[in-house]
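To keep things clear, I will list the structure first and then write my remarks on it.
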Amino acid sequence: MQVVTVNASKKYDVKIGTGFIEKIGDHIAPLMSGKKVMVVSDDNVFPLYGEKAVKSLSEAGYVVSTFVFKNGEESKNITTYNDLLEALFEAQLTRKDLIVAIGGGVVTDLSGFASATFQRGIGLVMVPTTLLAAVDASVGGKNGINLSRGKNQVGTFCQPSLVLCDIETLWTLPREEYINGCAEIIKYSMIVNEGLFELIRDKEIRDQYEDIITRCITIKRDFVEADEFDIGKRMMLNFGHTIGHAVEACSGYKIPHGRAVAIGMAAITKAAVINGYCTEDTRMQLDELLEQYDLLDELKYTAEELMECVKVDKKNSSGMLRIVIPKAIGSCWIKEIYKEECLKWIVLGGAR
Ligand code: NAD
Ligand code: GLY
Numbered sequence: 014m015q016v017v018t019v020n021a022s023k024k025y026d027v028k029i030g031t032g033f034i035e036k037i038g039d040h041i042a043p044l045m046s047g048k049k050v051m052v053v054s055d056d057n058v059f060p061l062y063g064e065k066a067v068k069s070l071s072e073a074g075y076v077v078s079t080f081v082f083k084n085g086e087e088s089k090n091i092t093t094y095n096d097l098l099e100a101l102f103e104a105q106l107t108r109k110d111l112i113v114a115i116g117g118g119v120v121t122d123l124s125g126f127a128s129a130t131f132q133r134g135i136g137l138v139m140v141p142t143t144l145l146a147a148v149d150a151s152v153g154g155k156n157g158i159n160l161s162r163g164k165n166q167v168g169t170f171c172q173p174s175l176v177l178c179d180i181e182t183l184w185t186l187p188r189e190e191y192i193n194g195c196a197e198i199i200k201y202s203m204i205v206n207e208g209l210f211e212l213i214r215d216k217e218i219r220d221q222y223e224d225i226i227t228r229c230i231t232i233k234r235d236f237v238e239a240d241e242f243d244i245g246k247r248m249m250l251n252f253g254h255t256i257g258h259a260v261e262a263c264s265g266y267k268i269p270h271g272r273a274v275a276i277g278m279a280a281i282t283k284a285a286v287i288n289g290y291c292t293e294d295t296r297m298q299l300d301e302l303l304e305q306y307d308l309l310d311e312l313k314y315t316a317e318e319l320m321e322c323v324k325v326d327k328k329n330s331s332g333m334l335r336i337v338i339p340k341a342i343g344s345c346w347i348k349e350i351y352k353e354e355c356l357k358w359i360v361l362g363g364a365r
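Every number in this note's numbering is 13 more than the matching position in the sequence shown, counting from 1.
Next up, the structure:
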């Protein structure tokens, strides 16, 4: 087992290993002064892992309630959020009690927002079961829900009390969900130079989960500790995301987040080469790694279509936006540009 401690406005451990779900009662005991737990999960994950967690928690003497919703991004909305709050109220959870979120980023984002707001904040344990949630969504305290016309438009920064990343859960992931998580791992390998790029190039990510997930969480931890509220350095974690978010939105969210970020990373790197910020060799190395993980897709939208989505991205402020530009493998920087300038970057990135 590996442990990464995050020392943000709240200090908590991220444990990476196996067998956590069967022993979840032991893991949460030090955090609990109450007796009640609400297990939140989706209808794919609950039968696989939620039931085991409920058993373990009940055997440990906790009063366990469950909230299970339909899987998928469409559920990350105000209706599901409201239903979850009602369920918490119905089960009479108090601030001494805990939400245990078991699932992918949709479950962790929704649970995070509910835990931050129900009774002005109750405890939260994250049990990520997708690779993407393990390396990104479950750590760092961002949570949220979507509005009908905008993703992640409502949310807070609120750190969990504990993250239990049980690698065994990742073995049931569909291939596409595995690939989505790989895209975020490739992103980390491009922003910090700690040999991660070579490690995932030379050996398949799933054959070295514990090491790779620990490295990614450590990288994210460092950015979160330096800039918990995302006003500076943390924005580096958005490499590939400006164009990526626009691709996701243009596809009507049919292209999943990780795959869209991969398209965004390839596009911004192509534009960076043309603008003289990095070498063609860097671009080729990134493209080869993306191809290795089946993530090298065409940017099939027009620059105008993509710009419409960039304009409403919440990373914009007063006509300016920050884009993350690669310098070399493992090294990026943040550049502030006028929104209009973004169109040029998108065109150079290969938009139709
Ligand atoms: P997801 O939660 O929708 O999970 C993807 C699919 O995999 C779902 O159908 C789910 O039921 C299924 N699944 C989950 N675990 C499984 C398992 N172990 N075995 C089999 N099936 C499993 O999607 P995601 O990619 O995990 O997360 C995407 C969400 O995360 C987005 O809403 C995004 O905005 C959010 N996110 C948040 C942050 C953050 O910092 N808060 C960071 C990145 C992404
Ligand atoms: N997923 C990017 C962040 O947490 O800042």
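Quick reminder that beta carbons are idealized off the backbone N, C-alpha and C, glycines included. Being a predicted model, the structure only gives us computed values, none of them experimental.
heavy atom of the ligand NAD below 7 Å from residue i C-beta
i      : result
Asp300 : no
Asn90  : no
Ala150 : yes
Lys164 : yes
Gly116 : yes
Leu183 : yes
Val119 : yes
Status (buried if at least 16 other CB within 10 Å, exposed otherwise) for residue i
i      : result
Trp184 : exposed
Pro173 : buried
Pro187 : exposed
Ile342 : buried
Glu261 : buried
Tyr351 : exposed
Pro141 : buried
Glu349 : exposed
Arg228 : buried
Asp179 : buried
Arg247 : buried
Asp294 : exposed
Ser344 : exposed
Endpoints, alpha helix (DSSP H) assigned at residue i
i      : result
Val81  : Premise fails: Val81 lies in the beta strand (DSSP E), 76–82, not in any alpha helix (DSSP H).
Val148 : Careful: Val148 lies outside any alpha helix (DSSP H) and carries neither H nor E.
Ser69  : 64–72
Tyr314 : No alpha helix (DSSP H) contains Tyr314, which DSSP labels as neither H nor E.
Glu197 : 188–204
Gly157 : Unbroken run through Gly157: none, as it is neither H nor E.
Met297 : 293–305
Gly30  : Run containing Gly30: none in the alpha helix (DSSP H); it sits in the beta strand (DSSP E), 24–30.
Thr255 : 254–263
Ile41  : 37–41
Residue i - containing beta strand (DSSP E), residue span
i      : result
Gly277 : Note, Gly277: premise wrong, no beta strand (DSSP E); alpha helix (DSSP H) at 270–287.
Ala114 : 111–116
Gly85  : Unbroken run through Gly85: none, as it is neither H nor E.
Asn165 : 163–167
Glu349 : 344–351
Arg335 : 333–341
Gly134 : Element bounds for Gly134: n/a, residue is neither H nor E.
Thr231 : It is not in any beta strand (DSSP E) - Thr231 instead sits in the alpha helix (DSSP H) that spans 222–239.
Val176 : 175–179
Asp6   : The chain is shown from 14 up to 365; residue 6 falls before or after that span and cannot be answered.
Val16  : 15–20
Short Cβ contact (8 Å threshold) for residue i with residue j
i      : j      : result
Ile281 : Ile338 : yes
Val19  : Glu238 : yes
Val120 : Val58  : yes
Ile34  : Gln15  : no
Thr255 : Leu334 : yes
His270 : Asn156 : no
Asp56  : Asn95  : no
Met203 : Val176 : no
Thr143 : Gly118 : yes
Proximity test, residue i beta-carbon vs the ligand GLY heavy atom, cut-off 7 Å
i      : result
Lys155 : yes
Leu250 : yes
Asp243 : yes
Arg272 : no
Arg247 : yes
Counting pairs of beta carbons, one from the stretch 109–123 and one from the stretch 48–56, are three or more of them closer than 8 Å?
-> The stretch 109–123, when compared against the stretch 48–56, does touch it at the 8 Å Cβ threshold.
Count the CB pairs spanning the stretch 163–178 and the stretch 298–308 that are closer than 8 Å, and state whether there are at least three.
-> no
Touch check for the stretch 311–325 and the stretch 348–356: three-plus C-beta pairs under 8 Å?
-> A contact is defined here as three or more CB-CB pairs under 8 Å, and the stretch 311–325 meets this definition with respect to the stretch 348–356.
Would you be able to state if there are at least three C-beta pairs under 8 Å between the stretch 124–137 and the stretch 196–203?
-> no
Flag this pair as touching only if the stretch 33–40 and the stretch 78–97 have three or more C-beta atom pairs under 8 Å; answer yes or no.
-> Contact check between the stretch 33–40 and the stretch 78–97: fewer than three CB pairs, one atom from each, fall below 8 Å, which does not count as touching.
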